[in-house]
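> First the structure, then my questions, so here it is.
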Ligand SMILES: NC(=O)c1ccc[n+]([C@@H]2O[C@H](COP(=O)([O-])OP(=O)(O)OC[C@H]3O[C@@H](n4cnc5c(N)ncnc54)[C@H](O)[C@@H]3O)[C@@H](O)[C@H]2O)c1
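If you want it as C-alpha cells, here you go:
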C-alpha cells in the first residue's frame, strides 16, 4: 500500500473519462470497481478499456519496451477490474471517483445517494468546471471530498488537476496528492473557481475556434491546421469532438454563469448539441466519424455561417 492508504478504488460512470480512469487505476495495481446505469453501457465501456489496453501492448511491442505495457500487465489490469450497475458495489471502497455527466443536479443526487449508502471515506469528482464546494455540500463528509480532474485520454495524459473545496481537510488533500502520484499522474494544484485553472484557459480558446468557423474566417480544416503554427498536438475542433460537444458546452455555460459574457458558448456549438451532435462518442460533430475511414468535415457545419 502506498502513502495514500488506498487499495480499493470505485469509479462511477464508464463513459469516455470513467473508462480511462478505471483502466489507469487497475493498471496501477488498485482493485477497481466501475459502475454505470445499465449493462449495455457497462459492456461498451469494458470493451473500450480492453481495446485501449491492447493498443498499449502494441505500442510496447513496436517501441521495443520504451512505451506502453506488457501483455502480462494487461492481463493483471483486467484481473483487477470489476464492473456492474449497483451503487452498493462501492460500499467497501477507499475512494470513489465520480465521472458521470457534467450536470450539477445529476452529480448532487449521486453524492446524496452515496451518503445514504453509509459510505464515509474519500470521494472525488472528475468535474471539468462545477464548484467542488457546491458538490461537497451534497456529501455527508465534505472534509473528505475534493476535485480530481483527469485529462482526456486518461491513459495518455500525465497531468491531473487537484481542486480543494472550501471544507476539504489537509489530510484529504495530502492523501489525494499521493494517490495521483500512485496512479502515475503529475498533480497540479488549483483553487475552486469555475473551470479551475486548465479549462479557464483552454475552453475560451476552443470556443473562439468555433466562432472563427461560424463567422467564416476559416474553414474547419484550416482552423485545425493551426496545430502547425501553435505546436499543439490536435486542432481545436477535433479536440472538441474528442472532449464531447455536450461536455464542452456544459463547461462553457458554467464559466459564463460565473464570469459573464466573455465565456458565452458559440451559437454553432449550441446548434450542434441541440441537433444531437456529441462528437466522437456518437460519431458526429465538427467531423463525421466512421470506423476504418478517415474523418470528413460535417457538411452541416461547413454550410453554417453566422449572419
Ligand atoms: N470529455 C472530456 O474530455 C473530459 C475531460 C475531463 C473531465 N471530464 C469530466 O468527466 C465527467 C464525465 O465526462 P465524459 O466525457 O466521460 O462523459 P460521457 O458522457 O462519456 O460519460 C458519462 C457516463 O456517466 C454515466 N452516468 C450518468 N449518470 C450516472 C449515474 N447516476 N450513475 C452512474 N453512471 C452515470 C453515463 O451513462 C455515461 O456512461 C464530466 O464531469 C466531464 O466534465 C471530461
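Residue numbers (the working numbering): 120 to 426. Even for Gly, the Cβ is constructed at its ideal location relative to N, Cα and C.
Under the three-state reduction of DSSP, which class applies to residue 412: helix, strand or coil?
It is coil, neither helix nor strand.
> Looking at C-beta atoms only, is the number of pairs between the region 219 to 235 and the region 186 to 195 that lie closer than 8 Å three or more?
No contact exists between the region 219 to 235 and the region 186 to 195.
> What do you reckon, is the C-beta of residue 236 under 6 Å from a heavy atom of ligand 1?
No, ligand 1 has no heavy atom inside 6 Å of this Cβ.
> Taking only the alpha-carbon atoms, compute the straight-line gap between residue 238 and residue 177 and give it to the nearest angstrom.
Approximately 39 Å between the Cα atoms of the pair.
> Tell me whether residue 211 is buried or exposed, calling it buried when 16 or more other Cβ atoms sit within 10 Å of its Cβ.
The residue in question, residue 211, is exposed, as its Cβ has fewer than 16 Cβ neighbours within 10 Å.
> Go ahead and pull the three-state DSSP assignment for residue 244.
Residue 244 falls in the strand class under three-state DSSP.
> Closest by CA to residue 223, which one among 369, 342, 142?
The shortest C-alpha separation from residue 223 is found at 369.
> With 16 other CB atoms within 10 Å as the buried threshold, where does residue 123 fall?
Result: buried.
> Determine contact between the region 272 to 287 and the region 127 to 139, defined as no fewer than three beta-carbon pairs at a distance below 8 Å.
Flag = yes, the region 272 to 287 and the region 127 to 139 touch.
> If you measure between the beta carbons of residue 141 and residue 130, is that distance less than 7 Å?
Cβ distance < 7 Å, so residue 141 and residue 130 count as in contact.
> Does any heavy atom of ligand 1 sit closer than 6 Å to the C-beta of residue 178?
Not so, every heavy atom of ligand 1 lies at least 6 Å from the Cβ.
> Nearer than 6 Å: is that true of the beta carbon of residue 337 relative to any heavy atom of ligand 1?
It does not: the Cβ of residue 337 is nowhere closer than 6 Å to a heavy atom of ligand 1.
> How is the beta strand (DSSP E) around residue 267 delimited, first residue to last?
Counting along the chain, the beta strand (DSSP E) containing residue 267 begins and ends at 264 to 269.
> Mind listing, in chain order, the continuous alpha helix (DSSP H) runs of no fewer than 4 residues lying wholly within the region 308 to 377?
Qualifying alpha helix (DSSP H) stretches, in chain order: 317 to 333, 339 to 343, 346 to 349, 355 to 362.
> Label residue 279 either buried or exposed according to how many other C-beta atoms from any shown protein chain fall within 10 Å of its C-beta, with 16 as the threshold for buried.
With 16 or more Cβ atoms within 10 Å of its Cβ, residue 279 is classed as buried.
> Under DSSP, the alpha helix (DSSP H) around residue 190 begins and ends at which residues?
Note, residue 190: alpha helix (DSSP H), 190 to 198.
> Note down the Cα distance separating residue 360 from residue 333, rounded to an integer number of angstroms.
Rounded to the nearest angstrom, the two C-alpha atoms are 16 Å apart.
> Spatial neighbours of residue 234 within its chain, please: C-beta separation below 7 Å, excluding the five flanking residues on both sides.
These residues qualify, in order along the chain: 258, 259.
> Does the pairing of the region 381 to 398 with the region 329 to 345 give three or more beta-carbon distances under 8 Å?
Yes, they touch.
> Roughly how many angstroms separate the alpha carbons of residue 303 and residue 147, rounded to a whole number?
About 7 Å.
> If you draw a straight line from the alpha carbon of residue 340 to that of residue 346, how long is it in whole angstroms?
Their Cα atoms are separated by approximately 11 Å.
> Quick one: what's residue 216 bridged to in DSSP?
Residue 216 pairs with 130, 243.
> Count the other C-beta atoms from every protein chain shown that fall within 10 angstroms of the C-beta of residue 120, then say buried if there are 16 or more, exposed otherwise.
Its Cβ having fewer than 16 others within 10 Å, residue 120 is exposed.
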